[in-house]
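Heads up: the structure comes next, in structure tokens.
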Amino acid sequence: MVDMADARIVHVAQGGVVENKSSLRFQKSPASARELWWLCYSEILHPITFCVVHTNPQRPRPFKMPFVKEVKTNAYFSRYQVKYRRRREGKTDYYARKRLVVQAKNKYNAPKYRLVVRFSNKNITVQVVYARLQGDFVLVAANSRELPRYGIEHGLTNWTAAYATGLLAARRALTKLGLADKYQGVAEPDGTISLTEAVEDAPRPFKAYLDVGLKRTSTGSRVFGALKGASDGGIFIPHSEKRFPGYDNESKSLDAEVLKKYIFGGHVAEYMESLEEEDDERFKKQFSTYLESGVGSEDIEEIYTNAYAAIREDPSFKPTDKDKDWKAESLKHRSKKLTNEQRKENIQQKISMFKAGQEAGEDDE
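According to UniProt numbering, the sequence shown is numbered sequentially starting from 1.
As structure tokens, then:
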């Protein structure tokens, strides 16, 4: 069959080009290899005429458009709509936020709660947040800066610190809601996955959804350390075992011992031991704060075990005592705003000083 792009349709009887190509009825005639006869119907020409199609032995290359600069007219700019500010700044994924925030339309004053986990260079922040039309409201918040109060003074951004911060946020939220006694969570974590279930003759467990923001959800990420801590703290967070350390994608199973090791800082202790054997100088440099406090690899598990018990005993927030009133300290170095009369007086002083300098120069001459 001949490609219409490679053919030229010519009317045999009158020598004109057939315009109505869609009305072709393909009927091959015993002609030469270079000429194929087709029966075509045209309303403009004779109702039944024969057309010859001369095929092109070398099909031309497709035409490529040259580079054309996009011209943005006034209509483009007048109709242009910018994206949300936090999308322009690359801070919020509104596709995910819409699904985390929108509540069921058949409910009243029943917002979706989010477990918001964010990381900085030195801290981990875990918040329980709900959204309203006025904006987001924080129910409770916990920061890894509070962990030294419970005995965790080093490694405030690692996986185990994320677990402890999530546990602190969960116990603090349930205490505020009056559910701390009814939902204890997992008091002795063993590395297994267990979701918080409802208790008879008691309110349903507090439910929240994990909000990771723009962070990549890789297997073993610290985000899921905070998730595991909040889940063991008694909050019902829907999740599976696929993103925790120790999950094998080939066997589709979770090694509970590996996850338990991460919960109690075993991976840090192993790294300390291996680094001390391989490079003692680097070990003393990297773990200098541990060594100053007298913390060794054998002490880490006990530190975290005691910290988890202390968090469950008293998860309340206690502000730190500031040694200085920093607000008053900063006001000391701030220049006071001048009144209009004071500014005019300063200008007159500068003018008089300038004139006095000119007169002194003339006297010297």
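The C-beta atom is built at its ideal place from N, Cα and C for all residues, glycine as well.
Nearest-angstrom Cα separation, counted from residue j out to residue i
i, j, result
"Val-128", "Leu-139", "5 Å"
"Gly-357", "Asn-346", "17 Å"
"residue 372", "Lys-327", "Nothing can be reported for residue 372: it is not among the residues displayed for the chain, which extend from 1 to 365."
"Arg-118", "Arg-97", "15 Å"
"Tyr-150", "Asn-143", "12 Å"
"Pro-189", "Arg-243", "17 Å"
"Trp-38", "Lys-64", "Any reading at Trp-38 needs caution, since the residue's pLDDT is 41, under 50, leaving its predicted position unreliable; the model's value is listed next. Taking the straight line from one Cα to the other gives about 32 Å."
"Pro-267", "Lys-72", "Note that residue 267 is His in the sequence shown, not Pro. Looking at the two C-alpha atoms, the distance is approximately 57 Å."
"Ile-351", "Leu-331", "31 Å"
"Arg-99", "Phe-137", "17 Å"
"Glu-250", "Ser-218", "16 Å"
"Asp-252", "Glu-241", "The sequence shown places Lys at residue 252, rather than the Asp named in the question. Cα to Cα, Lys-252 sits roughly 9 Å from Glu-241."
"Val-116", "Leu-214", "11 Å"
"Met-353", "Ala-360", "11 Å"
"Leu-191", "Leu-147", "For the record, residue 191 in the displayed sequence is Gly; it is not Leu. Roughly 22 Å between the two C-alpha positions."
Endpoints, alpha helix (DSSP H) assigned at residue i
i, result
"Ala-256", "256-263"
"Arg-282", "280-286"
"Leu-168", "159-177"
Proximity winner among the options, relative to residue i (alpha-carbon distances)
i, options, result
"Thr-289", "Glu-302, Glu-200, Asp-279, Met-272", "Met-272"
"Arg-222", "Phe-236, Asn-158, Asp-201", "Asn-158"
"Val-102", "Arg-79, Glu-313, Leu-133", "Leu-133"
"Tyr-304", "Glu-153, Phe-67, Glu-70", "Glu-153"
"Gly-155", "Val-295, Gln-184, Phe-317, Arg-172", "Val-295"
"Pro-203", "Asp-321, Val-186, Asp-211, Gly-234", "Gly-234"
Residue i and residue j closer than 9 Å at C-beta
i, j, result
"Pro-319", "Thr-175", "no"
"Leu-195", "Phe-224", "no"
"Lys-107", "Ala-131", "no"
"Glu-292", "Ala-269", "no"
"Ala-226", "Arg-114", "no"
"Asp-255", "Gly-246", "yes"
Supposed close pair residue i, residue j - CB separation, criterion 8 Å
i, j, result
"Leu-167", "Gly-265", "The Cβ separation is near 14 Å, so there is no contact."
"Thr-160", "Tyr-95", "Wrong, their Cβ atoms sit about 32 Å apart, outside the cutoff."
"Ala-169", "Val-126", "4 Å"
First and last residue of the uninterrupted beta strand (DSSP E) at residue i
i, result
"Thr-125", "124-132"
"Val-140", "135-143"
"Leu-210", "209-211"
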